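One structure below.
Number of protein chains: 2
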Amino acid sequence: MMEAALRPHGLGATQWYVLHQLGHVGPTMQRELVRLLRVERATLSIIVGTLVRKGLIEQVPDTVDQRQKLLRLTPAGKSLWADLPDLGFIHDAAFAGFSKADIAITTRVLKAATERLNQHLEGEPT
Amino acid sequence: MMEAALRPHGLGATQWYVLHQLGHVGPTMQRELVRLLRVERATLSIIVGTLVRKGLIEQVPDTVDQRQKLLRLTPAGKSLWADLPDLGFIHDAAFAGFSKADIAITTRVLKAATERLNQHLEGEPT
DNA sequence: GCATATATGTTAGGTGGCTAACAAGATGTC
DNA sequence: GACATCTTGTTAGCCACCTAACATATATGC
């Protein structure tokens, strides 16, 4: 879905999220993005690498903690970001017409299920 | 989650589903599995290839239609299948404790949303 | 100060998903 | 019978996710 909207620009969904963060919120530490996107360090590293190769973002090592890298859009990145379509229509297309109550229940069930499975994983490594 | 349960056996989730089908239902045409797993031909081709390389399943070309391939467990596959743990606990762990009504609503919302997004994809290729 | 531990990022190797393009067999039409 | 078309499977190339192992840099402990 998002894929379809982003393919013309040569981006994947997660790449879009990274640009979204940097475009809307501003320069962000890579480790912060790991938290925001709920993705492994290693996964993000690859995605960031891709965007850097494409010349859309830069990694600037922090001056005080040389391990951490600040991510920010390059001029090319800013320009592309400005061209990207609005993706709000996706949410609308998917969920318009359901009652708020139903959506709330759905959200609650899925969140709880996810949490439980995570607890199982931590609690039961035989 | 499944991953955790299957890793000791060196299997991924979709590989497990294939073994499950062949173990529970019996030999199955590859094109039938595409339908059952709701996956692209190409994707299944890779997964089947992996299982064949591992010696767990075989591809037998149909005698009348040489394009189609019947998949079936090898002796090694049967033996592994017998050793695999029950995965029902996953569903229980995730969804026990919710009312049937809430689960029904969740299912309905997600199914409908999925369907709508698919329609968008077919109807709107600008 | 030095050794150990912790945090951050990268690399290597797996799984699984997709599209596009191709090969080969089966079918249909004329 | 010959050609066009549909079906099935494979291959190549991409995205995204994961764990494990490693390199560095910072922080802690003694």
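As given, the protein sequences belong to chains A and B, one line each in that order. The first sequence begins at 0 in numbering that gives the first Met the number 0 and counts up one residue at a time. The second sequence begins at 0 in numbering that gives the first Met the number 0 and counts up one residue at a time. Beta carbons are placed, not taken as given, at the ideal position from N, Cα and C, and that holds for glycine. Quick caveat, the model's predicted, so the values are computed rather than measured.
Mind checking residue i: buried by the 16 CB within 10 Å criterion, or exposed?
i: G96(B); result: exposed
i: Q14(A); result: buried
i: G76(B); result: buried
i: V63(B); result: exposed
i: I56(A); result: buried
i: A12(A); result: exposed
i: A41(A); result: exposed
i: A112(B); result: buried
Which of the three DSSP states, helix, strand or coil, is assigned to residue i?
i: H71(A); result: Strictly speaking, residue 71(A) in this sequence is Arg, with His absent from that position. Residue state, collapsed to three classes: strand.
i: V59(B); result: strand
Write down the C-beta distance between residue i and residue j rounded to the nearest angstrom, noting that I regard them as a contact closer than 8 Å.
i: L86(A); j: M1(A); result: 6 Å
i: L50(B); j: V24(B); result: Rounded, the Cβ-Cβ distance is 16 Å, inconsistent with contact.
i: I104(A); j: F94(A); result: Wrong, their Cβ atoms sit about 13 Å apart, outside the cutoff.
i: L21(A); j: L70(A); result: 6 Å
i: L79(B); j: H8(B); result: 7 Å
i: A92(A); j: L10(B); result: Between L10(B) and A92(A) the Cβ distance is about 36 Å, and since that is not below 8 Å, they are no contact.
So, at 6 Å on beta carbons, what are the nonlocal neighbours of residue i in its own chain, with the 5 sequence-adjacent residues on each side left out?
i: E114(B); result: none
i: P60(A); result: K68
Identify, in the order they occur along the chain, each residue of the same chain with its Cβ nearer than 8 Å to the Cβ of residue i, setting aside the five sequence neighbours on each side.
i: Q58(A); result: Q29, V47, V51, K68, L69, L70
i: D82(B); result: H8
i: G177(A); result: Because chain A is modelled from 0 through 125, residue 177(A) falls outside the range shown and cannot be assessed.
Note down, in chain order, each residue of its chain lying with its Cβ closer than 7 Å to the Cβ of residue i, except the 5 sequence neighbours on either side.
i: Q65(A); result: none
Complete alpha helix (DSSP H) runs within the segment 79–113 of chain B (minimum length 4 residues, chain order)
87–94
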